[in-house]
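**Q**
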Amino acid sequence: MAAGAGLAASPAGTLDFEPCQIRGSNGQGEAAAECARLTVAEDPGDPDGTQIELFIARVPALSPEPAADAITLINGGPGGSSVALYVDLQSAFAALRRERDIVMVDQRGTGRSKALNCPDLEEATYEFDLEAVRRATRQCLSALDGDPRFYTTSVAVADLEAVRQALGYQAWNLYGVSYGTRVAQHYLQRYPDAVRTLIIDGVIPPGLALGPDIAGNAQAVLDAIISRCADTDYCRDAFPDLQARLSELGERLRAEPVAMTLPHPVSGREQAMSVHYAHLAMTLRLLSYAPETAAVIPLIIDEAAERRNYVPLASQALRLEEQLGEAISYGMHNSVVCTEDVPFFGDLSPRLPAMEDTYLGADQVRALQAICELWPRGTLHEALRREQAADHPVLLLSGEFDPITPPDYAELAARLYPNGRHFVAPGQGHGVIARGCVPHLAREFIDHADAGNLDGDCLERLAGDAFFVDLLGPPP
Numbered sequence: 000m001a002a003g004a005g006l007a008a009s010p011a012g013t014l015d016f017e018p019c020q021i022r023g024s025n026g027q028g029e030a031a032a033e034c035a036r037l038t039v040a041e042d043p044g045d046p047d048g049t050q051i052e053l054f055i056a057r058v059p060a061l062s063p064e065p066a067a068d069a070i071t072l073i074n075g076g077p078g079g080s081s082v083a084l085y086v087d088l089q090s091a092f093a094a095l096r097r098e099r100d101i102v103m104v105d106q107r108g109t110g111r112s113k114a115l116n117c118p119d120l121e122e123a124t125y126e127f128d129l130e131a132v133r134r135a136t137r138q139c140l141s142a143l144d145g146d147p148r149f150y151t152t153s154v155a156v157a158d159l160e161a162v163r164q165a166l167g168y169q170a171w172n173l174y175g176v177s178y179g180t181r182v183a184q185h186y187l188q189r190y191p192d193a194v195r196t197l198i199i200d201g202v203i204p205p206g207l208a209l210g211p212d213i214a215g216n217a218q219a220v221l222d223a224i225i226s227r228c229a230d231t232d233y234c235r236d237a238f239p240d241l242q243a244r245l246s247e248l249g250e251r252l253r254a255e256p257v258a259m260t261l262p263h264p265v266s267g268r269e270q271a272m273s274v275h276y277a278h279l280a281m282t283l284r285l286l287s288y289a290p291e292t293a294a295v296i297p298l299i300i301d302e303a304a305e306r307r308n309y310v311p312l313a314s315q316a317l318r319l320e321e322q323l324g325e326a327i328s329y330g331m332h333n334s335v336v337c338t339e340d341v342p343f344f345g346d347l348s349p350r351l352p353a354m355e356d357t358y359l360g361a362d363q364v365r366a367l368q369a370i371c372e373l374w375p376r377g378t379l380h381e382a383l384r385r386e387q388a389a390d391h392p393v394l395l396l397s398g399e400f401d402p403i404t405p406p407d408y409a410e411l412a413a414r415l416y417p418n419g420r421h422f423v424a425p426g427q428g429h430g431v432i433a434r435g436c437v438p439h440l441a442r443e444f445i446d447h448a449d450a451g452n453l454d455g456d457c458l459e460r461l462a463g464d465a466f467f468v469d470l471l472g473p474p475p
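For the sequence shown, numbering that gives the first Met the number 0 gives the first residue as 0, with consecutive numbering after it.
1) What number of angstroms, rounded off, separates the C-alpha of I327 from the C-alpha of Y85?
2) Under the three-state reduction of DSSP, which class applies to G472: helix, strand or coil?
3) Using C-beta distances below 6 Å, list every residue in its chain close to Q106, excluding the 5 sequence neighbours before and after it, in chain order.
4) Return the CA-CA distance between F467 and D47, expressed in angstroms with no decimal places.
5) Tell me the DSSP secondary structure of C234 in three-state form.
6) Taking the alpha-carbon positions, what's the P311 to L197 distance?
7) Would the beta-carbon of Q427 fall within 8 Å of that of L461?
8) In the DSSP assignment, what are the bridge partners of S273?
9) Indicate whether the contact test is met: 3 or more Cβ pairs, each with one atom in the segment 100–120 and one in the segment 68–82, closer than 8 Å.
10) DSSP has V104 in a bridge; who is on the other side?
11) For I225, collect the residues of the same chain with a Cβ closer than 7 Å to its Cβ; drop the 5 residues on either side in sequence, then sort them by chain order.
12) Sorted by chain position, which residues of the same chain lie with C-beta nearer than 7 Å to E386's C-beta, five sequence neighbours on each side aside?
13) Should T38 go down as buried or exposed, given a rule of 16 or more other Cβ atoms within 10 Å for buried?
14) For S9, does the three-state DSSP call read helix, strand or coil?
15) What distance in whole Å lies between the Cβ atoms of H391 and N418, which are believed to be in contact at a cut-off of 8 Å?
16) For A316, which option in L285, S334, P239, T338 has the closest C-alpha, if you only look at C-alpha atoms?
17) Whose C-beta lies closer than 8 Å to the C-beta of R442 among residues of the same chain, with five residues either side of it excluded?
18) In the structure shown, what three-state DSSP assignment does R22 receive?
19) Span of the beta strand (DSSP E) holding R195?
20) So who's on the other strand from Q50, going by DSSP bridges?
21) I'd like to check one pair, V132 with D100: are the Cβ atoms closer than 8 Å?
22) Any chance you could list the beta strand (DSSP E) runs of at least 3 consecutive residues sitting entirely within the segment 352–421, in chain order?
23) Figure out for me which residue from P77, C19, A193 has the closest Cα to the Cα of L323.
24) State buried or exposed for R163, treating a residue as buried only when at least 16 other CB atoms are found within 10 Å of its CB.
25) Runs of 4 residues minimum, wholly inside the segment 67–93: which ones carry the alpha helix (DSSP H) assignment?
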C-alpha cells in the first residue's frame, strides 16, 4: 500500500502495509488498521547477525492530506503491547485521527514483536518464594528464543527511530504511559529533532530506579482509599473499622491460607485454589490502579474479614493474574528491570523496615533482586539515567491516587521541561489519558504544540467512583 499523502519521501525499504484487525489486551476489543513488519538486527552491534521482526500497526488519518508528523503510543509494563494499548484506549485518541496517522510499534520482546514470555516465572513471583523464583528464572532463560541483553529501552528507542525513518514521518508526537514514559523521554534524549510533542502519563522521571518505592506508594494510596471510605457516611456505615478488619484478615491469611473451590471468573470452570496473603496483597494493589476497581476494595475486605466469604477476593485474584499474565511479556520485563532498575537500587537495608511496615512488604523487591542475580544485564545507553533538559512542548499527566507513579514523580520530571505543563486528575489512578476531558486537552495540545495555553479547569469535574456497599454495587 502506498504511503499516505502526508508522508515525506521514504528511504529504501518502505514498508508494505496490509489491512488488518488489531486486538486489545487479553484479546478484548478490536480495531481496523494497516499492519506491517520491519526486520531489524537483534544485536544492534551485529547487523548481519540474528534478525527479528517488529510488528507495526497504523490507523490512517481521516484527512486526505494528513500532517507530516504522526502520533505513536508506547505502552508500559515493562512488557505491554503498544498495539493492544491503542485498542484499549481508541476512544481517547479518536479525535486525534482527524489530521494525523496513529502508529503503534510493539516494542521488541512484547506483543507480536518476538515476545519474551515466562509463564512459570510469573506464577512463582506471585508467591514470593525466592527459591521458586530462582528456579523459574533459570527455566525461563534456558527456554527463551532470543538474547535478553538486547530487549532494553535503549535498543527499543533505536527501533522506533528506524520505524520513523522507514515510514518517512518528519517527527513523532509521542504518547507514553507508565514505563512507556521512560521510553518516550529516552527517545527525546536520543532523537530530539524527531520529536514534535511529548505526552507522558503516569510519569517515571529520568534516573529513578523503580522498585524500592513501590510498597510505600501503594500503601499511601490504599490508606487514602480506606480514609475516603471512613469519610463517606454510607461506606463508613457499611464497613466500620475497615483498617482493623484488613489487619485481622492479613494476619489470618499469613497464618493459614484458605483452601476453596470456585468457578474461574474468566472460564467459568471449577477451580481449586488456596488463598494466600500474597493474593490479598496483589489484589489490593492492582485494584487500586483505577477508581472503578478501587471502589470494590472495602467490600472485598469486609466479605473476607467479617463473613469469611473469600469468593470475591479469590475471583479478583484469579482474574487479575490471568489478565496480567496475558498482557505482560515477563522476559522483556526482566531485561528492562534487570538492566535499568535493580542494579541501581543501592544498599536497601536502611529502607527495608519502612517497606516491611506496608501491606506489600519487601517481598517484591527481594523477588526482583533474586531474578536479576541470574538475568543477564543488557544494553544501557549512558543518557537513559541522565536528567537532560529539553525545550519541546511537553504535557505531563498524573492521577491523584496513582499507586505506582504518584504526581510527585511528574513534578520531578517537569523541572526538565520549561515548555511543559503538569495536570493532576482528581480521584484518578494510573494512566489518565481516557479520563474526563483529558482526551480534549491532549488533542488541543497536539494541534497547537503548546501546553501553556491549556485550560485544565475541566479536570475538576473528575472524582473517585462511589464505593460498592454490597455485591450489587453502590447505594442508590
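Glycine included, every Cβ here is placed at the ideal spot set by N, Cα and C. Just so you know, these numbers come straight off a predicted model, no measurement behind them.
**A** Walking through what the data contain:
1) 15 Å
2) strand
3) A155
4) 58 Å
5) helix
6) 40 Å
7) yes
8) A258
9) yes
10) I55
11) L241, Q242
12) P205, G206, L415
13) exposed
14) Model confidence at S9 stands at a pLDDT of 32, short of 50, so the residue's coordinates are unreliable; what they give is reported in the following sentence. S9 falls in the coil class under three-state DSSP.
15) 7 Å
16) L285
17) A94, L95
18) strand
19) 194–200
20) A40
21) no
22) 393–398
23) P77
24) buried
25) 81–87, 89–92
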